[in-house]
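Counting with my numbering, you get residues 516 to 903 for the letters of the sequence shown.
Encoded as structure tokens, the structure appears first; notes follow it.
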Amino acid sequence: MSLHHELAAGVYWVGQLDWNFRYAHGFSTDRGSSYNAYLIVDEKAALIDTVEAPFAEALLRDVAEIVPLDQLDYLVSLHVEPDHSGGVPAVLAACPNAKLVTSTPAGIKGLRAHYGPLEAVTVKTGDSLPLGRRGLHFVQTPMLHWPDNMAAFLPEEGILFSSDAFGQHYASSLRFDDQAPKERLFAEAAKYYANIVLPFGGPALKALEAIKPLNPRVIAPAHGVVWRSYLPEIFAKYEDWANHRDNGSAVVVYDTMWGATERMARAAAAAFMDRGVPVEVMGLQRNTVADVMALVMEAKYVAVGSSTQNTGVLPPMAAFLSYLKGLAPKNKTGFAFGSYGWSGQSPGLIQELMQELGWTLPWEPFRQLYAPTDEVLETLKQALIEKI
Ligand code: FEO
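Spelled out as structure tokens, the structure:
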């Protein structure tokens, strides 16, 4: 049974739900995801985006329930990443009259690099695609989150098909924002931004500048539920996140060999609590880097600690630091700490990365030989308290 929903007369969600999707290039997706494709049936019929290749057959089945496949006039590809373009070859094969429409130069280049010598109508910002009574107007949104991303606006219905922007990795049988539990929805939107869009704050602000004056009533992203009730709130969140604004909180991230660094993490957390700063403590043996990044994105203070192992940090911390470096959160105040047995490089290595990220660093790295005594933990706590 199909799950398509009508967003407006003749405008359908024909996406596919991937309930057990759990991993997106480093991003743990605990609530699955959806690959959102949309079908507009006017005098012409246009399919906006496809789905991951294994879901293409189900997509075609859902489209065929609405319009015969040989009557599809356009396949509009807003984004090359395979979770949206994986079904392009299958749709073109099944829909002999469908013309491929994509952005230039990056869209067509990317699609050909994935699927071979495709023919396409190429469009750029300002171009439109008449469909009859209505038409699509294109706005390129490069680096949200690949160079080819593009949004399409259907002004007669006020619907913006936003591609990755405003998405959530969130499989839901409910289609709209106001049908989903609000806190969960915004948490998923934040986690998605933190793990996918965070390095691209500048492009995100440019996209917001282009999108907001269109006054969309509905935002239909490439993943997750469709926004129709909380647009001002998600716009405000995107402005905060793109500008790297914090919410005043702290997060302590650590990995520990025999518990000494964990005790130091608890002492650091106690310092933040003492100063009335909301804090969360995230051990990397129990938490995914994606969940940690969702907290880091909005935190003011980020304390990071690791035991030293073989002149470096522990392997889960190495993975986290590599991920952190790539996502490059800005405007943080950092604190590096950790215990060691004989060489003790880890706090210095963590501090170096924080420096590279341009963070404020009011504290020296805090190193502890083997296990900290209660006095040492109190020293750590007081050192933090002085400058929080
Ligand atoms: Fe869901 Fe950048 O793709």
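Here a beta-carbon is modelled for each residue, glycine too, at the ideal position from N, C-alpha and C.
Between residue i and the ligand GTP, is there a pair consisting of the residue's CB and a ligand heavy atom that are separated by less than 7 Å?
i	result
Ala834	For the ligand GTP, the structure offers nothing, since it holds only the ligand FEO.
Taking residue i as the reference, give the member of the options with the closest Cα.
i	options	result
Asn762	Gly820, Leu810, Leu584, His599	Leu810
Ser678	Ala843, Asp889, Leu615, Ile726	Ile726
Asn825	Gln860, Phe850, Ala814	Gln860
Leu584	Glu567, Gly601, Lys614, Pro597	Lys614
Ala783	Leu700, Ala898, Glu748, Leu872	Ala898
Phe881	Leu633, Ala851, Ile865	Ala851
Leu646	Arg546, Leu700, Leu872, Val591	Val591
Ser744	Phe701, Pro718, Asp770, Met772	Phe701
Asp806	Gly547, Lys706, Leu659	Lys706
Ile903	Trp878, Tyr885, Pro830, Thr894	Trp878
Arg801	Ala709, Pro718, Phe835, Val712	Phe835
Tyr838	Asp598, Asn730, Phe681, Phe542	Phe542
Asn730	Leu720, Gly673, Phe681	Gly673
Leu723	Ile749, Trp742, Arg699	Ile749
Please work out which residues of its chain come closer than 6 Å, Cβ to Cβ, to residue i, disregarding the five sequence neighbours upstream and downstream, and give them in chain order.
i	result
Ile623	Thr617, Ala635, Thr637
Gly530	Ser549, Tyr550, Asn551, Ala552
Val582	Val556, Ala560
His520	Trp528, Arg690
Gly625	Val595, Asp663
Ala628	none
Asp755	none
Gly849	Val817, Met869, Trp874, Leu876
Val767	Ala780, Ala783, Ala784, Val796, Ala818
Val953	Residue 953 lies beyond the range of the chain shown here (516 to 903); nothing can be said about it.
Leu575	Ala609
Leu532	Ser549, Ala686
Can you list, in chain order, the residues of its chain whose CB lies under 8 Å from that of residue i, leaving out five sequence neighbours each side?
i	result
Gln586	Ala560, Asn612
Ile900	Ala786, Asp789, Arg790
Ala621	Val595, Pro657, Trp661, Pro662, Asp663
Tyr538	Thr544
Arg648	Asp557, Glu558, Glu671
Ala775	Ser822, Ser854, Gln883, Tyr885, Ala886, Pro887
Lys697	Tyr745
Ala695	Tyr685, Ser687, Leu689, Val740
Give me whichever residues DSSP pairs with residue i in a beta bridge.
i	result
Gln824	Gly827
Pro645	Gly650
Ala573	None, per the DSSP bridge assignment.
Ser764	Ala814
Ile900	None, per the DSSP bridge assignment.
Met797	Val768
Phe676	Ala667, Ala735
Glu521	Tyr527
Leu590	Leu562, Leu615
Thr776	Per DSSP, none; premise fails for Thr776.
Gln870	DSSP lists no partner for Gln870.
Gly853	Arg882
Tyr553	Trp528, Ile563
Thr888	Thr888 is not bridged to any residue.
Of all Cβ atoms in chain D, is any one closer than 8 Å to the Cβ of residue i?
i	result
Leu884	In the structure shown, chain D cannot be found, because there is only a single protein chain.
What does a CB cutoff of less than 7 Å around residue i pick up in its chain, not counting 5 residues either side in sequence?
i	result
Val891	Gln883
Phe715	Met658, Leu659, His660
Ala719	Leu659, Val712, Tyr753, Ala757
Beta carbon nearer than 6 Å to a non-hydrogen atom of the ligand FEO
His594, Glu596, Asp598, His599, His660, Trp661, Asp679, Ala737, His738
Length at least 4, wholly inside the stretch 707 to 758: the alpha helix (DSSP H) runs in chain order
Segments of the alpha helix (DSSP H) lying fully in the stretch 707 to 758: 716 to 726, 746 to 757.
Please give me, in chain order, every unbroken run of the beta strand (DSSP E) with length at least 3 that falls completely inside the stretch 595 to 670.
Counting only runs of 3 or more, we get 614 to 618, 636 to 638, 643 to 645, 650 to 655, 665 to 669.
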